[in-house]
Amino acid sequence: DKPKNVVVEKTLEPDVWVEPKIVFTVEADEITKKKDSKYLSLRFPRLVEWGRDKQAVQATTVKELEEMYGG
1 DKPKNVVVEK
11 TLEPDVWVEP
21 KIVFTVEADE
31 ITKKKDSKYL
41 SLRFPRLVEW
51 GRDKQAVQAT
61 TVKELEEMYG
71 G
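Here you go:
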């Protein structure tokens with residue numbers, strides 16, 4: 001079953017949902033969005049660390065990313 005905190009379009013849903021266990025910290029030069037798209041991208045993403053002391057429910061949400069982007 002899809003986790004309650006996950007937002008995804010019906011056409012992009014996977015066949016299998018995997019329980020999140022590892023949280024990655026990622027840095028990027030910027031958050032971008034193409035004119036014709038509603039999707040955000042990270043420009044030059046870099047893995048900073050993983051696992052540390054955060055749980056999956058503490059990860060940044062799509063809504064939070066949109067707010068960081070300004071939209």
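Residue 1 is where the sequence shown starts when you use UniProt numbering, and the numbers rise one by one after that. Quick reminder that beta carbons are idealized off the backbone N, C-alpha and C, glycines included.
Next on the checklist: Contact between the segment 21 to 29 and the segment 44 to 60 is defined here as three or more beta-carbon pairs at a separation below 8 Å; is this criterion met?
Outcome noted: yes
Item to check | Cut-off 6 Å between Cβ atoms - residues of its own chain near tryptophan 50, not counting five sequence neighbours on either side | outcome: Taking the first residue of the sequence shown as 1, we reach residue 50 at position 50. Close CB contacts of tryptophan 50 within its chain, under the 6 Å cut and outside five residues either way in sequence, are with Ile22 and Phe24 (chain order).
Next on the checklist: Assuming lysine 4 is part of the beta strand (DSSP E), what are its boundary residues?
Outcome noted: By 1-based counting over the sequence shown, the position of residue 4 is 4. Run containing lysine 4: none; DSSP gives neither H nor E here.
Next on the checklist: With H, G and I counted as helix, E and B as strand and the rest as coil, what does DSSP make of glutamate 27?
Outcome noted: Position 27 of the sequence shown, counting from 1, holds the residue named residue 27. Strand at glutamate 27.
Next on the checklist: For a quick check, are the C-beta atoms of leucine 40 and glutamate 9 less than 9 Å apart?
Outcome noted: Here residue 40 corresponds to residue number 40 of the sequence shown, with the count starting at 1. Here residue 9 corresponds to residue number 9 of the sequence shown, with the count starting at 1. Not closer than 9 Å, so no.
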